[in-house]
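A short write-up of the structure that comes next.
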Amino acid sequence: MDEARFWALIASFDWERAGDDDAVLAPASRVLQELPPQEVVAFEDLLATKLYALDTREHARWCYQGEADPDNGDDYISADDFLYARCVVVANGRDFYEGVLADPSRFPTGMEFESLLYLASNAYEARTGDPHDQLTSVSWESFSNTDGWQPTRSTTGGRYTGPEMPPLNRRPA
Numbered sequence: 052m053d054e055a056r057f058w059a060l061i062a063s064f065d066w067e068r069a070g071d072d073d074a075v076l077a078p079a080s081r082v083l084q085e086l087p088p089q090e091v092v093a094f095e096d097l098l099a100t101k102l103y104a105l106d107t108r109e110h111a112r113w114c115y116q117g118e119a120d121p122d123n124g125d126d127y128i129s130a131d132d133f134l135y136a137r138c139v140v141v142a143n144g145r146d147f148y149e150g151v152l153a154d155p156s157r158f159p160t161g162m163e164f165e166s167l168l169y170l171a172s173n174a175y176e177a178r179t180g181d182p183h184d185q186l187t188s189v190s191w192e193s194f195s196n197t198d199g200w201q202p203t204r205s206t207t208g209g210r211y212t213g214p215e216m217p218p219l220n221r222r223p224a
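Take the sequence shown: its letter number 91 is residue 142 in our numbering, and every next letter is one higher.
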């Protein structure tokens, strides 16, 4: 799957059905279910790549502006919440994604679109009858982009960066 096809699938979301995530995703799901399984896997890999690119300290700073400071190790940032917020950026299409990627201050706040994470795996299972269990080339989990989470001069450790915090919820300090 190439970038153009990936973004065409994202553009097919039916936002007139907002509030019913399955209905919003249905047009893309129908197309994915007709593709060869390796194309569905490639869609998910591109999605992971996009989410990984947004997994940075600066994007988190703007996502949680006024609520939490990603440089303050004592400020809590939910790994899941930040992932679901990044899904909103991708779900709003290529132009919006590229704008936010280039300028983190454009990151939307107070929104989530977790359902995007299940689009490919649900389509894969519907197509093949088998669960989708292939790993993506990069992790979409929050705080996994180590380059994007490099500490700044103002980064301080704290209870959400130390070893007592479970690894998937621990921010780099």
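Here a beta-carbon is modelled for each residue, glycine too, at the ideal position from N, C-alpha and C. The structure displayed is predicted, hence computed values, not measured ones.
Is residue i close to chain B? Criterion is C-beta to C-beta, closer than 7 Å.
i, result
"Asp125", "The structure shown contains no chain B, having only a single protein chain."
Do residue i and residue j have their C-beta atoms within less than 7 Å of each other?
i, j, result
"Asp131", "Thr187", "no"
"Ala142", "Gln84", "no"
"Val189", "Tyr127", "no"
"Pro159", "Val139", "yes"
"Pro121", "Arg108", "yes"
"Trp200", "Pro223", "yes"
"Gly209", "Gly124", "yes"
"Glu165", "Tyr135", "yes"
Which same chain residues end up closer than 8 Å to residue i when comparing Cβ atoms and leaving out the 5 residues on each side of it in sequence?
i, result
"Val82", "Leu60 and Ser63"
"Thr203", "Arg108 and Asp122"
"Tyr211", "Gly124, Asp125, Asp126, Tyr127, Ile128, Asn220, Arg221 and Arg222"
"Gly226", "No answer is possible for residue 226: it lies beyond the span of the chain, which begins at 52 and ends at 224."
Among the options, which residue has its Cα nearest to the Cα of residue i?
i, options, result
"Glu118", "Gly161, Phe57 and Ala69", "Gly161"
"Glu90", "Cys138, Phe57 and Tyr127", "Phe57"
"Pro78", "Gln201, Gly199, Ala224 and Ala171", "Ala171"
"Thr100", "Leu152, Gly124, Ser205 and Thr179", "Leu152"
"Phe94", "Ser129, Ala55 and Gln116", "Ala55"
"Arg178", "Gln185, Leu168 and Ser80", "Ser80"
Leaving out five residues before and five after residue i in sequence, what residues of the same chain have Cβ atoms less than 7 Å from its Cβ?
i, result
"Gly150", "Arg157"
"Phe133", "Ala111, Cys114 and Ser193"
"Val75", "Phe64, Asp65, Trp66, Arg68 and Ala69"
"Thr206", "Asp122 and Ala224"
"Asn196", "Tyr103, Asp106 and Thr107"
"Pro218", "none"
"Met52", "Glu90, Ala93, Phe94 and Leu97"
Where does residue i fall in DSSP's three states?
i, result
"Asn143", "coil"
"Thr100", "helix"
"Asn43", "In this structure the chain extends from 52 to 224, so residue 43 is not present and cannot be described."
"Thr42", "Any question about residue 42 goes unanswered here, given that the chain covers just 52 to 224."
"Thr30", "Because the chain is modelled from 52 through 224, residue 30 falls outside the range shown and cannot be assessed."
"Thr179", "helix"
Round the Cβ separation of residue i and residue j to the nearest angstrom and send it over; I've been treating them as touching at under 8 Å.
i, j, result
"Leu98", "Arg137", "Between Arg137 and Leu98 the Cβ distance is about 10 Å, and since that is not below 8 Å, they are no contact."
Using a Cβ-Cβ cutoff of less than 6 Å, which residues in the same chain neighbour residue i once the five nearest sequence positions on both sides are dropped?
i, result
"Tyr148", "Val140 and Val141"
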